[in-house]
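*Asks:* One structure follows; several queries about it will come next.
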Amino acid sequence: MTLQSSIQAFERDLGNGHHSLNCILDGIHCGACTLKIENHIGKLAGVVSVRANATSRRLRLVWKSEDVSSTEILDEIDRLGFSAKPFEREDLTTKEQSLLIPLSIAGFGTMNIMVFSFAVWSGLISDMGDNSRQFMHWLSAFIAVPVIFYSAYPFYIPAFQTIKAQRITMDTPITLAIFVTLFASLYETYNHANHVYYDAAVSLVFFLLIGRTLDQMLRKRSSLASENLRSLGHVLTQRFHKSGEIEHVLSDQLKLDDLIFVPLGERVGADGVLTSEFTEIDESIINGETLPRRIGKGENIVSGSIITGPAATIKVTAVGQNTRLSAIADLVDNALSYKGKAQTLADKFSQGYGPFVIGLSLLGFLFWYFILNAGFANSLLICVAVLVVTCPCAAGLATPAVMVRAVNQLLKQGVLVKSGDALERLSQVSLVTLDKTGTLTNASFELVKETNRDALKLAASMAAHSHHPLSKALVKACPTPPLAGVKEIIGEGLVAPDGMRLGSARFTGNLKTNNNLQAEETKPVLWFTRPGHQAHRFHFRDTEKKDAKEFVSRLNNYSLDCIILSGDKKDIVSNLASRLGITQFEGELSPENKLAIIKEKQSEGAVILMVGDGLNDAPALSLADVSIAPASATDISQSSADLIMIRSDLLPIVTSIETSRKATKLIKQNLIFAALYNIFTVPIALAGGLTPLIAAILMSSSSILVMLNAQRLKE
Amino acid sequence: MNSILYLIPISIFLGICALTAFIWSVQTRQYEDLEGEKYRIFNEDDKPR
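Taken in order, these protein sequences are the chains called G and E.
If you're matching positions, the first sequence starts at 1 in this note's numbering and goes up one per residue.
If you're matching positions, the second sequence starts at 1001 in this note's numbering and goes up one per residue.
Below, the structure written as structure tokens:
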């Protein structure tokens, strides 16, 4: 159910009675899902346009407000089995300018200049006249100058900025090489010389842009999930004004001790204490548990939970930065910044490499000009040859070339790789830690073998009226048509006209002592009473995934240990562990406990892969050396995990480890090759054995070799 | 030899045409959602609403 008031704040008036709304889509698994939404919603009267993006899981709606309301549209989306949450920002996708346009222009320039260069090269051996050659050179210059000034901006703008800040990055020698080559060529062209190097300059830009574009695409994909997450704690909330009226405010404007009113189906925007009698809350975003929890007056509610019972009145105890949701997000952030160390090492290396390359080429120039008296033009060419040949293209491509292939292969297997260096870390894993609910199990319930068919049939016919996970499990065990006249009391249970009751122990009058209350409510149990019969209890258990056993045995084949870390009851965990053949397990763990165990194992030298889906796993997912979350996971877990499984089976995890090991091997080969290439070519260039053109060919072919080596990564 | 004086500009012009078409496709965001587009071809409705 969607409330009109909570959406209106996010709507945008386009004039002419047209309104637009951006949403985040939940439950999207592939492009077919977005197509389903577009087809159905597009047919609604009054809908002007509907465009769903399967990559970013966003939806943009435009409609005529006189014919249809946003509520009706969103309810219709709910009916299709998806959910659309209003999203505040108009457009986030254009934040970073795509490199595709400079890339295409550089590609165009490279191809055309190559045509002229080829004519000139073949002309050198045969009989091209001076004038024709000159014509070709000017044509090349005519293309190269605008192309370089436009499409090399991703390199020279940051390079100039860092020079202003008195630093040198990888962009500095690249910029120098590009412009020295360009200006040297212009100088040579002006002086009617035989050799120009426009092709070298432009193709340099082209190849480097390919690397940058691939890098940008990877980063864009990984930032989407966190953007979607950030908007989650941001809901429109109904607050009781002092006068007793209800006003609508955004959750970040709430203050301590405010009283807020949250109707059925809405998300709570702040931490608080329940002041109404009782309700039921869905905390799946916090802990991944699918079973709604019943809470009474005075109990705590965490921001981000959804009210699934009677409408709640809540006294706010923490807002914004101070909420539990935000505290867990901070844990994630801390762990993420800790991860950054491998990256900073790479940056430091390139900071040292840049000045080294520039110094080396300058040294080459001075040596040839002053000591060997080679003349200005020749010395400059040697200097350029060094700059070009040392261009860390092969080294720069060594990783992304393999990575992109590995990432795409894993995508076909149903695994999304979010961070580029995750694969490398995955290949070194020595210990696999697993969450239970939703990871090893299906997070749906199954009726434990039931002998009383009579009671089961009656109960199932009542349960058919409810969407409660346990009711669904009951109907699945015994499909029956719904019984007429059954009423659902939300948060309590079901009652039939003839007095039959199905629901919690309290609801059915089977609660013996108050002490048992807590224990009874956490167990997956349904009570069934009917007049003239003894009360009957249905037991449920969550089911392990079909391939869980094979998954564990294949991990053992790779001599990887696994350990279950679960927030669930110890006996349930040990039961599952023995069924799957896992010897190590821990139950009843808080998020902090999970973190502590992972830290302890890491200090013992283990490289840890964490697989988990609940919000209580999010800190552990971030701290673990590498982490995988299933697609069913909560947004926050997805955003802190390195890899996301689109399908619910477990075997892709093993495939990912295999692929990562192969990929890492190829990356190592590539890096060794790139290092060898520089060790051999730099002295030759310094000795004057390379013209900039040959240097550019060597540089390009080293890149191509690295790319070809990456192709060896097969399934 | 004179033929290249007009053949080369023509070839560059044709190249620029193709380049313009590509830039247009980028700017109209046809590369924003590579995942969804392949399913959209199954849509009978030719005009996206």
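Ideal Cβ positions, reconstructed from N, Cα and C, are used throughout, including at glycine.
All values reported here derive from a predicted model rather than from experimental measurement.
Grab the span of the beta strand (DSSP E) containing S132 of chain G for me, first residue to last.
*Replies:* Counting along the chain, S132 of chain G falls outside any beta strand (DSSP E), though it belongs to the alpha helix (DSSP H) covering D130 to S151.
*Asks:* Could you check which residue in G:F356, G:S132, G:I489 and G:L254 has the C-alpha nearest to that of A780 of chain G?
*Replies:* In the structure as shown, chain G begins at 1 and stops at 715. Residue 780 of chain G is therefore absent and cannot be evaluated.
*Asks:* Please report the residue range of the alpha helix (DSSP H) in which L456 of chain G lies.
*Replies:* Element bounds for L456 of chain G: R453 to A463.
*Asks:* For a minimum of 4 consecutive residues, which ranges assigned as the alpha helix (DSSP H) are wholly contained in the stretch 579 to 606 of chain G?
*Replies:* Within the stretch 579 to 606 of chain G, the complete alpha helix (DSSP H) runs of at least 4 residues are 591 to 603.
*Asks:* Cβ of I41 of chain G within 9 Å of Cβ of E76 of chain G?
*Replies:* Against a cut-off of 9 Å, the Cβ pair of E76 of chain G and I41 of chain G comes out as a contact.
*Asks:* Output the distance between the C-alpha atoms of S151 of chain G and S117 of chain G, rounded to the nearest integer angstrom.
*Replies:* Roughly 20 Å between the two C-alpha positions.
*Asks:* Would you mind reading off the limits of the alpha helix (DSSP H) that contains C1017 of chain E?
*Replies:* C1017 of chain E -> alpha helix (DSSP H) spans S1003 to Q1027.
*Asks:* Please name the residue, chosen from G:M699, G:L708 and G:S427, that lies closest to V202 of chain G on a Cα-to-Cα basis.
*Replies:* Taking only the C-alpha atoms, the option nearest V202 of chain G is G:M699.
*Asks:* Determine the closest residue to G265 of chain G out of G:D257, G:S466, G:I306 and G:I667, with distance taken between C-alpha atoms.
*Replies:* Among G:D257, G:S466, G:I306 and G:I667, the Cα nearest to that of G265 of chain G belongs to G:I306.
*Asks:* Any idea if K662 of chain G is buried or exposed, counting beta-carbon neighbours within 10 angstroms, 16 or more meaning buried?
*Replies:* K662 of chain G is buried by the Cβ-count criterion.
*Asks:* Using a cut-off of 7 Å between C-beta atoms, extract the partners of A54 of chain G located in chain E.
*Replies:* Within chain E, the residues near A54 of chain G are D1033, E1035 and G1036.
*Asks:* Does the distance from the CB of A620 of chain G to the CB of T439 of chain G come in under 9 Å?
*Replies:* No, they are not a contact pair.
*Asks:* Here's a check: name, in chain order, each residue in its chain whose Cβ is nearer than 7 Å to the Cβ of S461 of chain G, leaving out the five neighbours to either side.
*Replies:* So the qualifying residues of the chain are T480, P481, P482 and L483.
*Asks:* Can you list the residues of chain E that S104 of chain G reaches, using a CB-CB cut of under 9 Å?
*Replies:* Correct list: L1019, F1022, I1023 and V1026.
*Asks:* Check the Cβ-Cβ distances between V115 of chain G and every residue of chain E, and say whether any is below 9 Å.
*Replies:* So yes, V115 of chain G belongs to the interface.
*Asks:* Check whether the Cβ atoms of V402 of chain G and Y197 of chain G sit closer than 9 Å, and answer yes or no.
*Replies:* Contact: no.
*Asks:* Could you give the residue range of the alpha helix (DSSP H) that holds G503 of chain G?
*Replies:* Element bounds for G503 of chain G: not the alpha helix (DSSP H) but the beta strand (DSSP E), R501 to G503.
*Asks:* Check whether the stretch 103 to 111 of chain G touches the stretch 1019 to 1032 of chain E, counting contact only when three or more Cβ pairs, one atom from each stretch, lie closer than 8 Å.
*Replies:* Yes, since at least three Cβ pairs between the stretch 103 to 111 of chain G and the stretch 1019 to 1032 of chain E fall closer than 8 Å, the two stretches touch.
*Asks:* Name the two residues that bound the continuous beta strand (DSSP E) containing P719 of chain G.
*Replies:* Limits of chain G in this structure are 1 at one end and 715 at the other, which puts residue 719 of chain G out of reach.
*Asks:* Looking at C-beta atoms only, is the number of pairs between the stretch 653 to 661 of chain G and the stretch 351 to 371 of chain G that lie closer than 8 Å three or more?
*Replies:* Touching, no.
*Asks:* Is it the case that the Cβ atoms of L25 of chain G and R79 of chain G are separated by a distance below 9 Å?
*Replies:* The answer is no: Cβ separation not under 9 Å.
*Asks:* Can you tell me the Cα-Cα spacing of L555 of chain G and Q584 of chain G, whole angstroms?
*Replies:* For L555 of chain G and Q584 of chain G, the distance between alpha carbons rounds to 14 Å.
*Asks:* Smallest Cα separation from L664 of chain G: which of G:Q428, G:I37 and G:V48?
*Replies:* Per the sequence shown, the amino acid found at residue 664 of chain G is Thr instead of Leu. With distances taken between Cα atoms, T664 of chain G lies closest to G:Q428.
*Asks:* Let me know the secondary structure DSSP gives H533 of chain G once reduced to three states.
*Replies:* Coil, per DSSP.
*Asks:* Could you tell me whether the stretch 490 to 502 of chain G touches the stretch 526 to 545 of chain G, using the rule of 3 or more Cβ pairs below 8 Å?
*Replies:* Touching, yes, given that three or more Cβ pairs across the two stretches are closer than 8 Å.
*Asks:* Closer than 8 Å, Cβ to Cβ, to anything on chain E: give me those residues from the stretch 30 to 44 of chain G, in chain order.
*Replies:* Going along the stretch 30 to 44 of chain G in chain order, one finds C30, G31, A32, T34, L35, E38, N39 and G42 with a Cβ nearer than 8 Å to chain E.
*Asks:* Less than 9 Å between the beta carbons of G309 of chain G and I281 of chain G, yes or no?
*Replies:* Yes, these two residues count as a Cβ contact at 9 Å.
*Asks:* Quick one: which chain E residues come within Cβ less than 7 Å of F108 of chain G?
*Replies:* The contacting residues are G1015 and L1019.
*Asks:* Could you tell me whether any Cβ in chain G is nearer than 9 Å to the Cβ of Y1006 of chain E?
*Replies:* Output row for Y1006 of chain E: interface = no.
*Asks:* If you count every other CB in all the chains shown that lies within 10 Å of the CB of Q409 of chain G, and 16 or more means buried, which is it?
*Replies:* Buried, because 16 or more other Cβ atoms sit within 10 Å of the Cβ of Q409 of chain G.
*Asks:* Which residues in the same chain have their Cβ closer than 6 Å to the Cβ of V50 of chain G, if we skip the five residues on either side of it in sequence?
*Replies:* Excluding positions up to five away in sequence, the list reads E38, I41, G42 and L61.
*Asks:* Which class does Q238 of chain G belong to by DSSP, given the choice of helix, strand or coil?
*Replies:* Of the three classes helix, strand and coil, the one that applies to Q238 of chain G here is strand, per DSSP.
*Asks:* Is there a C-beta anywhere in chain G that falls below 9 Å from the one on S1011 of chain E?
*Replies:* Yes, contact with chain G.
*Asks:* Under the DSSP definition of a beta bridge, which residues are partnered with G107 of chain G?
*Replies:* Paired residue(s): none; G107 of chain G is not in a bridge.
*Asks:* Which residue's Cα is closest to the Cα of D435 of chain G: G:A548, G:P524 and G:R506?
*Replies:* Closest option to D435 of chain G, Cα to Cα, is G:A548.
*Asks:* Checking 9 Å against the spacing of the C-beta atoms, do D171 of chain G and M114 of chain G come in under that value?
*Replies:* No, Cβ-Cβ distance for D171 of chain G and M114 of chain G is not below 9 Å.
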